[in-house]
Amino acid sequence: MKEIEFTINGRKKRIAVRPKDLLLNVIREELGLKGTKYGCGTGECGACTVLLDGRPILSCLTLAVAVNGKSITTIEGIGTDEHLHPIQQAFIDAGAIQCGYCTPGMILSAKALLDKNPNPSEEEIKEAIKGNLCRCTGYVKIIAAIQLAAKRMRGERV
Amino acid sequence: MREFKIVGKSVKKVDAALLARGKPLFTDDVTFEDMLHARILWSPHAHARIRDIDTSEAEALPGVHAVLCYKNVPRVPHTSAGQGWPEPSPYDMFMFDNKVRYVGDRVAAVAAESEEIAEKALRLIKVDYEVLPAVFDPEKAMEEGAPVIHDEPDCRQVLPLFYDPKHNHCAHIEVKTGDPDRGLNEADIVIEHTIKNHYAQHCALEPHSCISYLDPMGRIVVRCSTQVPYYARRIIAQCLQLPERMVRVIKPRIGGGFGSKQEIVVEDVCAMFTLRTRRPVRLVFTRPEVFVSSRTRHPMIMRVKTGVKRDGTVSAIKMRVISNTGAYGPHCMTVLGSTCAKTLPLYRCPNIEFIGDTVYTNLLNAGAYRGYGVLQGTFAMGIMMDEMAHAIGMDPVDFWKKNTIRVGETSPIFSALSEIGKGAEQKVDSCALPECIDQGAAAFGWKEKRERYRNQPDGPIRRGVGMVCTVHGGTVALLDASSVTAKMNEDGSFNLLISASDVGGGCDTVLSQIFAEALDIPLEDVIVYPTDTDVTPYDKGAYASGTTYLSGLAVIKTAEEIKKQILKVAAEMLNEPPENLRLEKKGVVSTKSGKRLEFGQIAKRAMYSKNQFQIAATASEYSHLHPQTFTAQFAEVEVDTETGQVKVLYYVTAVDCGTAINPTLAEGQVEGSIINGISYALTEEFIFDENGRVLNPSFRDYKIFSAPDIPKLKTILVPSYDPTGPFGAKPIGEPAMDGVLPTISNAIYNAIGVRLTESPFTPERVLKAIREKRGR
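Residue numbers (my numbering), protein chains in the order written: chain C, 187 to 344; chain G, 10 to 785.
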């Protein structure tokens, strides 16, 4: 076991992990944050996406020890029940959520994009979420939701 | 058409905010004290008898609590297909058997303190296989002397239906209307093609998941990712040899199904472990397990012969279908039946012959998948229609319009065959297909694009356009049923208890809208509670695109019963006859006296004051017919004749689903269907080695579309009003996906003059077809 310290959703955590423990399992089992999903275990579906110092990473391919000293954001860390993050609200408003299993990862990939590029083109949006698979929506309303969120985050009243 | 207050509005999905927050709503998001983890050992052989199995070392491993195999579980022939009862699928499955029938079949299972221990234990199980010859080609499987896949004496068909396992032959259907031979003789041109679709997996993002545990009374509670909770309860009880009262199934949020969760895939093993160990047990598939050991789409070989007259009349359709169900036969008969019963009513041709057979092979287990045989039949007929239009020099738009069924008309197919046996006499109660064709063609620019691409300059990159019309009959007529319970609370709100089983499509929202509309209350006064077999009444579950239609009808009936009770109480309170009273904005008003009562007042009076009772009702509805949903679909493609690469540039789908109860959700069904369909048509494909092993059970090697792959899409919801549906609504879950394969094949043909009759349309296959044509 190795002791690691990292920030999760703004809070410092110190836990003991085994060298082979995956970040996905630590987030879900040790920290009890179930919004991060298992979809494939091989980094191909994006359901396990979390932000590492603001960048999207695949927690099913990341060893927990590798986040020592770093900052992790999961879906539980953006917005609150009373005040959803604008991307969450846009996903709801645009009808971008069907089964919702891909939604946390999709929203986090969108957040990483919009945080560094507040006015992305449609192509840039598609590129930013290409690692996040969705089988329900055909991506049409997800792309529309990210466009809507971008507008709102730029201060447009839509 | 009626004016609505909530129906027809794109209200937000009732569960969307929770899902956007990543709340723990799915099966595997809840853990239990002392929970064990189960893993399954899969067959490495396509066909083998298990001479013996030694689990002693696995059992001795510290942390292992139980090992299951054919030696220690009851041998109960059953089907995993989530269907009504008795099921039309053969009872050809066992929880575990001493025979394996495909690479990925169940051999044994372990429940242990952790997944790691369970997996270690699997490696300690010693299996002595007698490897048997396998058969992978469905036509060879039917030949005399082929290996018999189901040679066990106890497999059987429980209904009086054709079943001949000794010849790997598990379903046979024949339908004949009019005089097909005369129709062919009268034709000016007869066209014949063999059209083949391919295996595919649903790829719901949530894997098949189950957690079971004992309640304080010793009953087994099964939380699972199922589309069919009531059928799951019945089949789990059957496999465990328990009465249904000992099993409770709870459906949490489900991460997509598309048919793959209309099967009992993990639940029986998980529940059996709980029964044996008295502990909570978790069984969640890995992605490779979902690919190989859940369910897939039936590949079919469809030989079609059609006759057409010079005036554009289709005079005969003959279809000979061989469907490959793989190692077991869940849905084997009904998928085949749908290829005829739910596909062919589209055509006004009176002379139809359909002969279909479903065959066992030692390949993946096929089952229900969005499209359910109609997709296959539409692939074949969509190509034939295009070929016939081309042969007589007619624009496909005009040819489709001339030959497709219209409102008020009937088809002899309706009564000749349901999915099982004779069907319901019915006519087409609503049909906006002509409008779908016109609006779709206009939005797509059909005429202009056809003209433009007819005159495109020579070069390796060619563009073309194609179109197809589809019909899809929803529900299983005469068999499917739905029940709904509602009860009123003091504040005038309602609990709506349903088993309609939202798997992502949004029926919790749609049914709440229907209920709110029927009682003229705001949506927030409907507290929808989805399936728990201890609490919510029987419903078939989520399949056959039937939820909005059939459960919606049951919701309206329930609301009508509630309304009667409300008016009775209000009449007592106002001292006026109920005839004077009507519902208005969460209250009752008298048309005579003008007096008004709020729902809250009425509920409190009923509960607490006088002649007390709970205002509550349960009502049921069954499916009297197959409501017909129509689409017209248009694709524009670009084909690189040097690489064989096909790219879809633009796809337009015009849909007649009657009243769209929630247009945004209806569009979402269409968009998801079309992208799944294009992905299936162009990139998705199982690769098998010569021993029947899947070589690509991962998203890396089995390519499904991601965002950059999608073309420009346009979805048009063309309004119509179906008099049999809830507020005029018709099904929407599957119909759009049916048309994608032939629409793209037709567009490729238009672009390069080469006909693709075998899916998927990969570069290899396109290049091969181009070379074959040039060689001729």
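Note that the Cβ used here is the ideal one computed from N, Cα and C, for glycine as well.
Since the model is a prediction, treat every value here as computed from it, not as a measurement.
Phe105/G to Gly264/G span [Cα, whole Å]: 27 Å
Beta-bridge partners of Asp61/G, as assigned by DSSP: Asp137/G
Three-state class that DSSP yields for Asp447/G in the structure shown: helix
Members of the region 205-223 of chain G near chain C, C-beta cut-off 8 Å: His211, Cys212, Ala213, Leu214, Glu215 and Pro216
Secondary structure of Trp94/G, DSSP reduced to three states: coil
Nearest-angstrom Cβ-Cβ length linking Ala377/G and His340/G, presumed shorter than 8 Å: 5 Å
Chain C residues whose Cβ lies nearer than 8 Å to that of Gly265/G: Gln284, Cys285, Tyr287, Arg321 and Cys322
Exposed unless 16 or more other CB atoms sit within 10 angstroms - verdict on Arg257/G: buried
Under 8 Å by beta carbon: chain C residues contacting Ala423/G: Position check: residue 423/G holds Phe in this sequence, whereas Ala was assumed. Residues of chain C passing the Cβ test: none, with the nearest at roughly 31 Å.
Close-in-space but distant-in-sequence residues of the same chain around Ile725/G (CB under 8 Å, 5 per side omitted): Cys445, Gln448, Gly449, Ala452, Val661, Thr662, Ala663 and Val664
Contact check, Val230/G vs Asp224/G, beta carbons under 7 Å: yes
DSSP bridge partner residues for Val368/G (one or two, in chain order): His178/G and Asn333/G
Chain C residues whose Cβ lies nearer than 7 Å to that of Val512/G: Cys285
Three CB pairs or more closer than 8 Å across the region 734-746 of chain G and the region 402-412 of chain G: no
Test item: CB-CB of Ser629/G and Leu559/G under 7 Å: no
Sequence-distant residues of the same chain with beta carbon closer than 6 Å to Ser424/G, five excluded per side: Gly432 and Glu434
Beta-ladder partner(s) of Trp51/G, from DSSP: Arg115/G
Nearest-angstrom Cα separation, counted from Leu528/G out to Ser618/G: 23 Å
Closer than 7 Å to chain G by CB, Ile194/C: no
The region 148-163 of chain G / the region 65-82 of chain G touching (three or more Cβ pairs under 8 Å): no
His269/C burial status per 10 Å Cβ neighbour count (16 or more: buried): exposed
Closest Cα partner of Ile422/G within the set Met497/G, Ile182/G and Leu765/G: Ile182/G
Residue-chain proximity (Ala26/G, chain C), Cβ-Cβ < 7 Å: yes
Trp51/G classed as buried or exposed, judged by whether at least 16 other C-beta atoms fall within 10 angstroms: buried
Cross-chain neighbours of Asp279/C in chain G, by beta carbon under 8 Å: Lys21
Three CB pairs or more closer than 8 Å across the region 182-194 of chain G and the region 235-249 of chain G: no
Bounding residues of the beta strand (DSSP E) (the contiguous stretch that carries Lys327/C): Lys327/C -> not in any beta strand (DSSP E); alpha helix (DSSP H) instead, spanning Val326 to Met339.
Start-to-end residues for the alpha helix (DSSP H) that takes in Leu27/G: Ala25 to Ala29
Interface residues of chain G facing Thr248/C [CB-CB closer than 8 Å]: Chain G residues near Thr248/C: none, gap ~17 Å exceeds 8 Å.
Extent of the continuous beta strand (DSSP E) to which Ala628/G belongs: Ala625 to Tyr631
Any beta strand (DSSP E) of 3 or more consecutive residues that is wholly inside the region 462-546 of chain G: 470-482, 490-497, 503-507 and 535-538
Residue closest to Asn195/C, alpha-carbon to alpha-carbon, out of Pro306/C, Phe277/C and Gly240/C: Gly240/C
Residues of its chain near Gly227/G, where Cβ-Cβ distance is below 6 Å and the 5 sequence neighbours each way are ignored: none
Cβ-based burial, Arg214/C [other Cβ within 10 Å; buried from 16]: buried
Contact belief for Phe714/G with Ser688/G at Cβ below 8 Å, rounded distance in angstroms: 4 Å
Helix, strand or coil at His87/G according to DSSP, with G and I counted as helix: strand
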